[in-house]
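Q:
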Amino acid sequence: MRTNFDIGSWMRGYADAVRRAFGERVWFLGLQGSRARGEATDASDIDTVLILDALSAQDLADYDALLGTLPERERVCGFVSGRAEIEAWEKSELFQFCLDTVALIGSLEHLLQGIARDDVRRAVRSGAGAVYHGCVHNILHEKSADILKSLYKQAAFTLRAATYLQSDVFERKIECLPALLPPDDAAVAEEFLRLRGNGIADDDFARLSEALLAWASRWLQKDL
């Protein structure tokens with residue numbers, strides 16, 4: 590991607606194209622991920638969010654054709670849904686989705702209002718469980734540095750949920766998260782930040798895997 594890429598200008602062009610294609614059917618349009626958080630690199634994806642009044646296979650085909658007319662098409666990913674489906678989504682998965690999204694059209698506020706503390710608690714526990722299982726599987730079978738890096742990312746997002754649960758503070762920028770965490774948790778978030786864009790040396794794989802497995806185990810056993 591070009592180093593002078595302007596996400597604001599791109600999103601305006603994207604929003605205009607979506608309006609032309611779907612008109613009043615657009616219930617929500619937004620941006621997520623590193624570009625929404627101001628943490629993007631030149632290689633970062635463009636994580637868009639499009640929610641229509643309803644979603645069909647034909648809508649997806651039309652949307653795919655629309656994206657093909659835009660610059661940087663190869664970077665575009667993100668989330669597409671119908672309104673009824675997002676409103677029925679599992680709430681433990683929904684709260685970070687809402688808080689991590691910058692709105693261009695519409696609002697996700699009423700979805701947030703339906704999320705309770707128990708939903709956030711489940712998000713933390715399920716996130717720790719997924720990291721734990723992923724570490725076990727990767728140590729035994731895949732032995733993949735890329736999978737390990739993705740597990741550190743998942744751990745960092747789980748810690749963001751845990752911070753929200755404990756303090757009602759939602760820190761959108763992962764790079765600001767370690768300052769809000771106790772040392773053991775801060776070390777995991779800092780490791781994720783260090784690993785972004787970097788490889789994992791063979792002699793670091795076992796150490797990093799062991800540290801993340803122990804972290805996930807502690808969080809699974811915590812009284813939340």
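My numbering numbers the first residue of the sequence shown as 590 and each following residue consecutively.
In this text, a Cβ means the ideal position worked out from N, Cα and C, and glycines have one as well.
1. What would DSSP say about MET590, mapped onto helix, strand or coil?
2. With 16 other CB atoms within 10 Å as the buried threshold, where does ASP689 fall?
3. Go ahead and pull the three-state DSSP assignment for TRP678.
4. Taking the Cβ atom as the reference point for each residue, do GLU760 and THR752 lie within a distance shorter than 8 Å?
5. Since I believe ILE635 is in contact with VAL665 (beta carbons under 8 Å), could you give me their beta-carbon distance rounded to a whole number of angstroms?
6. When burial is assigned at 16 or more other CB atoms within 10 Å of the CB, is ASN727 buried or exposed?
7. Determine the DSSP secondary structure at ASP689, reduced to helix, strand or coil.
8. Can you tell me which of the three DSSP states PHE617 falls into?
9. Between the Cα of GLU640 and those of SER670, ARG783 and ALA805, spot the shortest distance and give me the residue it belongs to.
10. Could you tell me which residues DSSP puts in a beta bridge with CYS666?
11. With a Cβ-Cβ cutoff of 8 Å, do ALA744 and TRP804 count as a contact?
12. Starting from the C-beta of LEU740, find all residues in its chain whose C-beta is less than 8 Å away, skip the five residues before and the five after it, and write them out in chain order.
13. Excluding the 5 residues flanking ASP708 on each side, which residues of the same chain have their C-beta closer than 8 Å to its C-beta?
14. Could you compute how far the alpha carbon of GLY597 sits from the alpha carbon of ALA604?
A: To lay it out plainly:
1. For this step, residue 590 is matched to residue 1 along the sequence shown. The pLDDT assigned to MET590 is 44, lower than 50, so where the model puts this residue is not dependable; a value taken from the coordinates is nonetheless given after this. Residue state, collapsed to three classes: coil.
2. Taking the sequence shown and counting its residues from 1, one reaches residue 689 at position 100. Under a 10 Å Cβ-count criterion, ASP689 is classified as buried, with 16 or more other Cβ atoms of the shown protein chains found around its own Cβ.
3. Translated into positions along the sequence shown, residue 678 becomes position 89. In the structure shown, TRP678 sits in coil (DSSP, three-state: anything other than H, G, I, E or B).
4. Within the sequence shown, the letter at position 171 stands for residue 760. Within the sequence shown, the letter at position 163 stands for residue 752. Pairing GLU760 with THR752 gives a Cβ-Cβ distance under 8 Å.
5. One-based indexing of the sequence shown puts residue 665 at position 76. One-based indexing of the sequence shown puts residue 635 at position 46. Indeed they touch by this definition, with Cβ atoms about 5 Å apart.
6. By 1-based counting over the sequence shown, the position of residue 727 is 138. It counts as buried.
7. Stepping through the sequence shown from its first residue, residue 689 is reached at position 100. Coil at ASP689, not helix or strand.
8. Mapped onto the sequence shown, residue 617 falls at position 28. Looking at PHE617 - three-state DSSP - the assignment turns out to be strand.
9. Mapped onto the sequence shown, residue 640 falls at position 51. Residue 640 is actually Ile in this sequence, not Glu. For ILE640, the nearest C-alpha among the options comes from SER670.
10. Taking the sequence shown and counting its residues from 1, the one referred to as residue 666 is at position 77. Paired residue(s): ASP636.
11. As a working mapping, residue 744 is identified with position 155 in the sequence shown. As a working mapping, residue 804 is identified with position 215 in the sequence shown. Yes; because the gap between Cβ atoms is below 8 Å, this pair is in contact.
12. Here the question's residue 740 lines up with position 151 in the sequence shown. Cβ within range, chain order: VAL720, GLY723, CYS724, ASN727 and LEU801.
13. Along the sequence shown, read from residue 1 onward, the residue named residue 708 stands at position 119. If you ignore the 5 residues before and after ASP708, its C-beta comes within less than 8 Å of the C-beta of LYS680, SER681, LEU683 and PHE684, all in its own chain and listed in chain order.
14. Position 8 of the sequence shown, counted from the first residue, corresponds to residue 597. Position 15 of the sequence shown, counted from the first residue, corresponds to residue 604. Between GLY597 and ALA604, the C-alpha separation is close to 11 Å.
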